[in-house]
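As they're listed, the protein sequences go chains A and B. Using the numbering used here, the first residue of the first sequence is number 441, and each one after it goes up by one. Using the numbering used here, the first residue of the second sequence is number 441, and each one after it goes up by one. Every residue gets a Cβ at the ideal spot worked out from N, C-alpha and C, and that includes glycine. A quick write-up on the structure given underneath.
2 protein chains.
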Amino acid sequence: MDKYDKNSKTSFAIGLTVSFEALQFGEVTRLYISPDLKDGETADRLVNLAKNKGIPLITNNAKIFKALSGKDNVMAIAEFVKKESELEPTLPHCLLVNPMNMGNLGTIIRSCLAFGIKDLGIVKPASDCFDPKVIRGSMGAFFRLRIHNFLSFEEYRKAYPEHHLYPFMLQAKKHLGEVEFQSPATLIFGNEAKGLDRSYLDVGEPILIKISSELDSLNLDNAVSIGLYELSKAI
Amino acid sequence: MDKYDKNSKTSFAIGLTVSFEALQFGEVTRLYISPDLKDGETADRLVNLAKNKGIPLITNNAKIFKALSGKDNVMAIAEFVKKESELEPTLPHCLLVNPMNMGNLGTIIRSCLAFGIKDLGIVKPASDCFDPKVIRGSMGAFFRLRIHNFLSFEEYRKAYPEHHLYPFMLQAKKHLGEVEFQSPATLIFGNEAKGLDRSYLDVGEPILIKISSELDSLNLDNAVSIGLYELSKAI
Chain A
441 MDKYDKNSKT
451 SFAIGLTVSF
461 EALQFGEVTR
471 LYISPDLKDG
481 ETADRLVNLA
491 KNKGIPLITN
501 NAKIFKALSG
511 KDNVMAIAEF
521 VKKESELEPT
531 LPHCLLVNPM
541 NMGNLGTIIR
551 SCLAFGIKDL
561 GIVKPASDCF
571 DPKVIRGSMG
581 AFFRLRIHNF
591 LSFEEYRKAY
601 PEHHLYPFML
611 QAKKHLGEVE
621 FQSPATLIFG
631 NEAKGLDRSY
641 LDVGEPILIK
651 ISSELDSLNL
661 DNAVSIGLYE
671 LSKAI
Chain B
441 MDKYDKNSKT
451 SFAIGLTVSF
461 EALQFGEVTR
471 LYISPDLKDG
481 ETADRLVNLA
491 KNKGIPLITN
501 NAKIFKALSG
511 KDNVMAIAEF
521 VKKESELEPT
531 LPHCLLVNPM
541 NMGNLGTIIR
551 SCLAFGIKDL
561 GIVKPASDCF
571 DPKVIRGSMG
581 AFFRLRIHNF
591 LSFEEYRKAY
601 PEHHLYPFML
611 QAKKHLGEVE
621 FQSPATLIFG
631 NEAKGLDRSY
641 LDVGEPILIK
651 ISSELDSLNL
661 DNAVSIGLYE
671 LSKAI
């Protein structure tokens, strides 16, 4: 396989840093090394790590670099097994309902790790969290999180009944900063274009990030990072 | 002109919403309407606004839509005059040192407006803040801000000597949340890849956004939005 197919069992971590994260925290099946890779500390560490783990090194496949690199100059690609994890039932969660933008999803994964929220739920339909664009956008943070897809919000709620739910909504009355988070907390965020629908007003304790009336809303990944930042201060 | 040229005196606001913002708050020289534009409330408001302001409407230029739309289905494009504004000397500022990613810059402009920080300084070299990608990424918030480019940090500092400076740095000791902002405040953020160099440790009161040791840094636009969010709570 030399192109990403969302139905396949593996995906790709593209670039040296991201491949390194995949090798450390993911299940890598093959490591592709570009013929243009110069010797250097990072390259050596990557190759040695792969060798130590008994992962096949492939150094003569220029085609895959052409197919997956885009405009960038990519030196390594790790093929890894796509798998979801159960979320930890006692730790805080971030739950994204129908996120549709891969760039946002990658950045959100990075922010989750930044603020120590290592459990991320995604309610479908949603961007494919295994897409190489998401993995790359996360700078490899993807491999350090537990990520699980759910078919519906109800499925999530039944799986984690102990969680205190905090949906972020423009219609909420209570401002972020005034809320005292109860543990374990789940911060819930809607889709980029539409946010969460009004039914979430009856779910847990809805939260508003107060912004200027001159603007409809924040960018999703900014809203999530602000929510996670406040949560991290509280826990 | 039917392609953006960074040396030209005009640029383009692409899309209905962004064109609408340009017409309201920018200096528009021409409004291009796609032959595919369907009648509707937004379209009517846009066309009426242009007519009221005496702005030429151009309805037969398919070429410009082809050149500027990319993959999207764009219905309106406003050509506007590029101009910078002096920043308000008594209000809080956001200062970006060498931002290089246009998507980030657009999102940061949106966040500035969201948190009521309407004065944005940019230290060059930097992304061209007039690029249509930036304008579009800002969802048109660009037209409601005062934005000024500076050739150096020193130039900024001399122009606004009253401002209290808060550089955001990984080497800072004091955490965001512990800082009491003095007015007028300037939040300073470095480049996406390198952040601010160590010389900024001697500037004002450096601030750290505390994140997990598992990660090098936050995405720039997330760091900025968190900083602006905290500042907006304090002022």
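Hey, would you say residue i sits closer than 8 Å to residue j, going by beta carbons?
| i | j | result |
| --- | --- | --- |
| K673/B | G617/A | yes |
| Y472/B | A516/B | yes |
| F520/A | G580/A | no |
| Y596/A | V563/A | yes |
| L489/A | L463/A | yes |
| F460/A | L477/A | no |
| R584/B | L560/B | no |
| L660/B | P565/B | no |
| P601/B | V643/B | no |
| F629/A | A599/A | no |
| H588/A | L527/A | yes |
| T469/B | K522/B | no |
| N548/B | F621/B | Note that residue 548/B is Ile in the sequence shown, not Asn. Taking 8 Å as the Cβ cut-off, I548/B and F621/B do not qualify as a contacting pair. |
| L658/B | I647/B | no |
Between which two residues does the beta strand (DSSP E) holding residue i run?
| i | result |
| --- | --- |
| P572/A | Run containing P572/A: none in the beta strand (DSSP E); it sits in the alpha helix (DSSP H), P572 to G577. |
| G541/B | Sequence inspection shows Asn at residue 541/B; the Gly mentioned does not correspond to that position. Neither: N541/B is in no beta strand (DSSP E) and is coded neither H nor E. |
| Y606/A | H604 to P607 |
State buried or exposed for residue i, treating a residue as buried only when at least 16 other CB atoms are found within 10 Å of its CB.
| i | result |
| --- | --- |
| K558/B | buried |
| L572/A | For the record, residue 572/A in the displayed sequence is Pro; it is not Leu. Buried, because 16 or more other Cβ atoms sit within 10 Å of the Cβ of P572/A. |
| S474/B | buried |
| P532/A | buried |
| A625/A | buried |
| R550/B | buried |
| L591/A | exposed |
| N420/B | It is not possible to answer for residue 420/B, since the shown part of chain B is limited to 441 through 675. |
| A502/A | exposed |
| E654/B | exposed |
Can you check DSSP and say which residues form a bridge with residue i?
| i | result |
| --- | --- |
| R470/A | E519/A |
| N589/B | I562/B |
| C534/B | L560/B and L627/B |
| F452/A | E519/A |
| K683/A | Residue 683/A is absent from the model: chain A starts at 441 and stops at 675. |
| L508/B | Looking at the DSSP assignment, L508/B forms no beta bridge with any residue, so it has no partner. |
| L497/B | L471/B |
| G635/A | N631/A |
Within 8 Å (strictly less), CB to CB, does residue i reach chain A?
| i | result |
| --- | --- |
| Y669/B | yes |
| D484/B | no |
| G644/B | no |
| L520/B | In the sequence under discussion, the amino acid at residue 520/B is Phe, which differs from the Leu named in the question. F520/B does not count as touching chain A. |
| T547/B | yes |
| R576/B | no |
| E528/B | no |
Report yes or no: is there a C-beta of chain C within less than 8 Å of the C-beta of residue i?
| i | result |
| --- | --- |
| R550/B | The structure shown contains no chain C; its protein chains are A and B. |
Hey, does residue i have any beta-carbon neighbour from chain B nearer than 8 Å?
| i | result |
| --- | --- |
| N631/A | no |
| E620/A | no |
| K634/A | no |
| G480/A | no |
| N662/A | yes |
| F583/A | no |
| E654/A | yes |
Which residue marks the beginning of the alpha helix (DSSP H) containing residue i, and which one marks its end?
| i | result |
| --- | --- |
| T482/B | E481 to N492 |
| S672/B | L660 to A674 |
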